[in-house]
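Colleague:
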Amino acid sequence: MVDSVKETVAFYEAHFGFEVTMAVPASEDNIRTNLETDEEIVYTLLERDGVEIMFQEAESLRSDVPAFSDSAVGGSVCLYIEVEDIEAFYESLADDVEVVTELNTTWYGMTECYVRDINGYILGFAEETQ
-9 MVDSVKETVA
1 FYEAHFGFEV
11 TMAVPASEDN
21 IRTNLETDEE
31 IVYTLLERDG
41 VEIMFQEAES
51 LRSDVPAFSD
61 SAVGGSVCLY
71 IEVEDIEAFY
81 ESLADDVEVV
91 TELNTTWYGM
101 TECYVRDING
111 YILGFAEETQ
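Have a look at this one:
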């Protein structure tokens, strides 16, 4: 659940390399495969390296699923995404996003970092330590 689908897409494209595979305008009259439109977009599906993430505008989601009516954007969700070349990935985003846990190697054999997106969600990026 996000405040602005277009702003969220721009953030995920610029910082994490995700691409739009599907978008739904507020009119819900058809499905788009990109955001090259002036229309308000209420839902999108993003993909990178086989990982898919869906985002839906807050009021649209609350309308579709009333159980979200009292929920706030930026809840306690943490996504954990494995990437290749974590060090290069980290260097590419470290100055542009809020890093909440610096790049480190864990006892369980992963090199990982955590960042906060523009909606308050925590994203963990990791690679198996070589």
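Using our numbering, you'd call the opening residue of the sequence shown number -9 and step up by one each time. For glycine and all other residues, C-beta sits at the position ideal for the given N, C-alpha and C.
1) Once DSSP output is grouped into helix, strand and coil, what is the label at isoleucine 76?
2) Among Val41, Leu36, Ser17, which residue has its Cα nearest to the Cα of glutamate 30?
3) Tell me whether glutamine 120 is buried or exposed, calling it buried when 16 or more other Cβ atoms sit within 10 Å of its Cβ.
4) Using only alpha-carbon positions, find the residue among Val(-8), Tyr33, Gly110, Leu83 that is nearest to aspartate 19.
5) Would you list the residues sitting across from phenylalanine 6 in a DSSP beta bridge?
6) Just grab the DSSP bridge partners of proline 15 for me.
7) Taking the beta strand (DSSP E) that alanine 116 falls in, what are its first and last residues?
8) Assign threonine -2 to one of two classes, buried (16 or more other C-beta atoms within 10 Å of its C-beta) or exposed (fewer than that).
9) Taking the beta carbon of isoleucine 21 as the centre, do at least 16 other beta carbons fall within 10 Å, making it buried, or is it exposed?
10) Would you mind reading off the limits of the beta strand (DSSP E) that contains glutamate 42?
11) Can you give me the Cβ contacts of cysteine 68 inside the same chain, cut-off strictly under 8 Å, excluding the 5 residues immediately before and after it?
12) Within 10 Å of its beta-carbon, does serine 50 have 16 or more other beta-carbons around it, so buried, or fewer, so exposed?
13) With distances taken Cα to Cα, identify the nearest neighbour of glutamate 117 among Asn94, Val73, Asn109, Asp86.
Modeller: Reading off the structure:
1) If DSSP states are grouped into helix, strand and coil, isoleucine 76 belongs with the helices.
2) Of all alpha-carbon atoms in Val41, Leu36, Ser17, the one lying nearest the alpha-carbon of glutamate 30 is that of Ser17.
3) So glutamine 120 counts as exposed.
4) Checking every option, the nearest Cα to that of aspartate 19 belongs to Tyr33.
5) By DSSP's assignment, phenylalanine 6 forms no beta bridge with any residue.
6) Its beta-bridge partners are Ile31.
7) That run of the beta strand (DSSP E) goes 112 to 118.
8) Burial of threonine -2 is indicated by the presence of at least 16 other C-beta atoms within 10 angstroms of its C-beta.
9) Exposed, since its Cβ has fewer than 16 Cβ neighbours within 10 Å.
10) Looking at the DSSP string, the run of the beta strand (DSSP E) that includes glutamate 42 is 41 to 46.
11) So the list reads Tyr104, Tyr111, Ile112, Leu113, Gly114, once near-sequence residues are dropped.
12) Flag for serine 50 reads buried.
13) Ranking Asn94, Val73, Asn109, Asp86 by Cα distance to glutamate 117 puts Val73 first.
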